[in-house]
Amino acid sequence: MSSTVPHRVHPGRTGHDPRVDPVLIHAVHHALRRDLRALVCWARTGVPVATPGWTDFRRYLTVHHEAEDTVLWPLLLAAAGPGPGLRRVLAELEDEHRRVAELVATVDDCLSGRGPASRTLEHATALAAALTAHLHHEEATVLPLVANLVTPGDWAHFDIAQRKPLGPGPGAAFLSWLLEGLPPDRQSAVRAQFPPAVRLAHRALRAGHARRVRW
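Numbered continuously in this note's numbering, the sequence shown closes out at residue 217.
See the structure below:
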């Protein structure tokens, strides 16, 4: 059960400061949930090989979790100050990250011949359950803390950390991954999170990404 952490408003801010915009983290969570559904459906086909969809999912999940571990959790701790409540919450989230990483590695073993291909669906289903629960935990616990504790400038560092490992070409692929299946009224806001070079590369490569079969 998650711990309750008292919300402490950052000096000079309100708890509903509209400048902290979680659009990118919501887009990442949307894309991860979409790929989890696709993964389980694909695993039911009994074809024990990695697909481009699995490769994308694994890569972008790793980038997202590394940005949280190295940037977002320290930001929250620095903003909240010492106290056991937040530390318990972050310890829970770190444990969830480790569990999800173990399940990703297990599914990858099934797809690469290092593990039993016959258990791909079983492990994919377990991964979907664990990661879906983790995403809900983050949204219910972390985002309210962000609204109260994190400054817009610090939040921008976290957004950058999710894009930093990707140059214009890979960044364009990441943007395509985020936009797939996203409602049209949210796509412009997601594009605006990326620098002009990435948006330009995405426009140039958009047709090719649209034709790519991921699962």
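The beta carbon of each residue, even a glycine, is placed where N, CA and C say it ideally should be.
Keep in mind that this is a model prediction, so the values were computed, not measured.
Of the residues the options, the one placed nearest residue i, counting alpha carbons only
i, options, result
"V148", "L34, A80, V30 and P118", "A80"
"T143", "R216, G210, A212 and L88", "L88"
"Y62", "L129, A82, Q164 and V51", "Q164"
"A212", "P185, P154, S178 and A194", "S178"
"G125", "V109, P197, V200 and L41", "According to the sequence displayed, residue 125 carries His and not Gly. When each option's Cα is compared against that of H125, the closest is V109."
"L77", "A52, P154 and L113", "P154"
"L105", "S120, L129, C112 and L145", "L129"
"P197", "P118, K166 and A119", "K166"
Integer Cβ distance of residue i from residue j, believed to fall under 8 Å
i, j, result
"D37", "G55", "6 Å"
"R46", "L123", "6 Å"
"H32", "L184", "6 Å"
Residue i versus residue j - alpha carbon distance
i, j, result
"T64", "I27", "14 Å"
"A209", "A174", "12 Å"
"N150", "P24", "13 Å"
"T72", "D187", "31 Å"
"A107", "S114", "10 Å"
"E70", "P50", "31 Å"
"A103", "P118", "18 Å"
"E141", "A194", "22 Å"
"A132", "E94", "13 Å"
Same chain, Cβ closer than 7 Å to residue i, neighbours up to 5 away in sequence not counted
i, result
"G171", "A203"
Neighbourhood of residue i by C-beta, 6 Å cutoff - its chain only, sequence neighbours within 5 removed
i, result
"A29", "L180 and V192"
"W44", "W217"
"D58", "W179"
Cβ-based neighbour list, residue i, same chain, cut-off 8 Å, excluding 5 preceding and 5 following
i, result
"R35", "T134 and L137"
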